[in-house]
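Novice: This is the structure I want to talk about, given as structure tokens.
Number of protein chains: 2
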Amino acid sequence: MSALCDEMEKFGKALGNACRYTIIQSLLRGRKTVSELKDIVKLSQPAVSQHLKTLKTAGLVIDERRGQEVFYSVNSEHLFSLLAKLSKDVNRRKKQ
Amino acid sequence: MSALCDEMEKFGKALGNACRYTIIQSLLRGRKTVSELKDIVKLSQPAVSQHLKTLKTAGLVIDERRGQEVFYSVNSEHLFSLLAKLSKDVNRRKKQ
DNA sequence: AGTTAATATAAGCATATGCTAATATGCCTG
DNA sequence: CAGGCATATTAGCATATGCTTATATTAACT
Numbered sequence: 001m002s003a004l005c006d007e008m009e010k011f012g013k014a015l016g017n018a019c020r021y022t023i024i025q026s027l028l029r030g031r032k033t034v035s036e037l038k039d040i041v042k043l044s045q046p047a048v049s050q051h052l053k054t055l056k057t058a059g060l061v062i063d064e065r066r067g068q069e070v071f072y073s074v075n076s077e078h079l080f081s082l083l084a085k086l087s088k089d090v091n092r093r094k095k096q
Numbered sequence: 001m002s003a004l005c006d007e008m009e010k011f012g013k014a015l016g017n018a019c020r021y022t023i024i025q026s027l028l029r030g031r032k033t034v035s036e037l038k039d040i041v042k043l044s045q046p047a048v049s050q051h052l053k054t055l056k057t058a059g060l061v062i063d064e065r066r067g068q069e070v071f072y073s074v075n076s077e078h079l080f081s082l083l084a085k086l087s088k089d090v091n092r093r094k095k096q
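Which chain is which? The protein sequence lines are U and P, in order. Following this note's numbering, the numbering of the first sequence begins with 1 at its first residue and continues without gaps. Following this note's numbering, the numbering of the second sequence begins with 1 at its first residue and continues without gaps.
Quick look at the structure:
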């Protein structure tokens, strides 16, 4: 399938999990460390790291190390662009 | 997790599969029967029916029987509302 | 260098997902 | 009502996903 389809598939998979959706929602309110996210979603640290890896692979989050902590934040540009593409598709549909 | 989260999770899972995404894209261009969709995504009929069931459960498509055929089309209202919710979340994020 | 804190990675396992093959259901037509 | 389509459902299986536990990495501090 196409590259866009691939992108959307990753986007969907990222969104298609309650924990990851919660993480994105949290990060939309401001960047957070892995520990902070761990407390929010109430999962083990490795589980959170794994979810963050999935989100990063989907291009939805960005990580930035500060000393021993790693801050995660949403990749707004990419998120915007995905939403824009989706909206475009939906809005230009033929009426039935 | 919340009902919205649940809704988004289903939305994500629905989108998070190349075939289902292709099906939605096709349906956005007009309603189609299961057979037509089968030819488009090049999967077996049962596989397509199963994907359609997933999409229906997520509220993304509507089915309508006409004789022995069943026409599927996108549930525009729900799709709009989901996209609107997502966009709202993304747009009201705090700048960092 | 040794220790501790924060995070990442790996291995293992249970459950979920996505297919196929087989069968059931619903609708039309003779 | 028998036969044939179109679609749905079921069972079974292979692979993917999401966790846990254990271990590795990276950075700060002494």
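Ideal Cβ placement from N, Cα and C applies to all residues, glycine included.
Among all the DSSP beta bridges, which residues are the ones paired with ILE128(P)?
Specialist: In the structure displayed, chain P extends from 1 to 96; residue 128(P) sits before or after that span and is not available.
Novice: For LYS42(P), which of helix, strand or coil comes out of DSSP?
Specialist: As a first step, residue 42(P) is located in the second sequence; it is residue number 42 there, counting from the start. In this structure, LYS42(P) counts as coil in the three-state DSSP scheme.
Novice: Do the segment 40-50 of chain P and the segment 80-90 of chain P touch if we need at least three Cβ pairs shorter than 8 Å?
Specialist: These segments do not touch.
Novice: With three or more C-beta pairs closer than 8 Å as the rule, is the segment 63-77 of chain U touching the segment 8-20 of chain P?
Specialist: These segments do not touch.
Novice: Can you give me, in chain order, the residues of the segment 62-86 of chain P that have a beta carbon less than 8 Å from any beta carbon in chain U?
Specialist: Listed by position along the chain: SER73, VAL74, SER76, LEU79, PHE80, LEU83 and LEU86.
Novice: 8 Å is my cut-off, CB to CB: does GLY59(U) come that close to chain P?
Specialist: The sequence position of residue 59(U) within the first sequence is 59, counting from 1. GLY59(U) does not count as touching chain P.
Novice: Tell me, which residues are paired with LYS32(P) by DSSP?
Specialist: Locating residue 32(P) in the second sequence gives position 32, counting from the first residue. According to DSSP, which records beta bridges pairwise, LYS32(P) is partnered with TYR72(P).
Novice: For ARG20(U), which three-state DSSP category applies?
Specialist: Within the first sequence, numbered from 1, the residue matching residue 20(U) stands at position 20. Note: ARG20(U) maps to helix in three-state DSSP.
Novice: Please report the distance separating the alpha-carbon of LEU60(U) from that of SER44(U).
Specialist: As a first step, residue 60(U) must be located in the first sequence, where it is residue number 60. As a first step, residue 44(U) must be located in the first sequence, where it is residue number 44. If I take the Cα positions, the gap works out to 21 Å.
Novice: When you compare each of SER81(U), VAL90(U), GLU64(U) and ARG92(U) to VAL90(P) by their alpha carbons, which one comes out closest?
Specialist: Taking the first residue of the second sequence as position 1, residue 90(P) is located at position 90. Considering only alpha carbons, the answer is SER81(U).
Novice: GLU9(P) touches chain U at which residues, Cβ-Cβ below 7 Å?
Specialist: As a working mapping, residue 9(P) is identified with position 9 in the second sequence. GLY16, ASN17, ALA18 and TYR21, listed in chain order.
Novice: Cβ atoms of ARG20(P) and LEU55(P): under 8 Å apart, would you say?
Specialist: Position 55 of the second sequence, counted from the first residue, corresponds to residue 55(P). Position 20 of the second sequence, counted from the first residue, corresponds to residue 20(P). Their beta carbons are under 8 Å apart, which means LEU55(P) touches ARG20(P) by this criterion.
Novice: Here's the rule: buried if 16 or more other CB atoms are within 10 angstroms of the residue's CB, otherwise exposed. What is GLY16(P)?
Specialist: Residue mapping note: residue 16(P) aligns to position 16 of the second sequence, counting from 1. Burial call: buried.
Novice: Verify the CB distance criterion: does GLN96(U) have a CB-CB separation below 8 Å to chain P?
Specialist: Residue numbering aside, residue 96(U) sits at position 96 when the first sequence is read from its first letter. Unreliable placement is indicated for GLN96(U), whose pLDDT of 41 sits below 50; no coordinate value is reported for it.
Novice: Output, in chain order, the set of chain P residues within a Cβ distance shorter than 7 Å of GLN25(U).
Specialist: Residue numbering aside, residue 25(U) sits at position 25 when the first sequence is read from its first letter. In chain order: ASP89.
Novice: Alpha helix (DSSP H) containing GLY12(U): first to last residue?
Specialist: Numbered from 1 along the first sequence, position 12 holds the residue referred to as residue 12(U). GLY12(U) -> alpha helix (DSSP H) spans 3-15.
Novice: Is it the case that the Cβ atoms of LEU37(P) and ILE23(P) are separated by a distance below 8 Å?
Specialist: Position 37 of the second sequence holds residue 37(P). Position 23 of the second sequence holds residue 23(P). Taking 8 Å as the Cβ cut-off, LEU37(P) and ILE23(P) qualify as a contacting pair.
Novice: Suppose you measure from the CA of SER64(P) to the CA of THR33(P); what does that come to, to the nearest Å?
Specialist: The count along the second sequence starts at 1 and reaches residue 64(P) at position 64. The count along the second sequence starts at 1 and reaches residue 33(P) at position 33. Note that residue 64(P) corresponds to Glu in the displayed sequence, not to Ser. About 9 Å.
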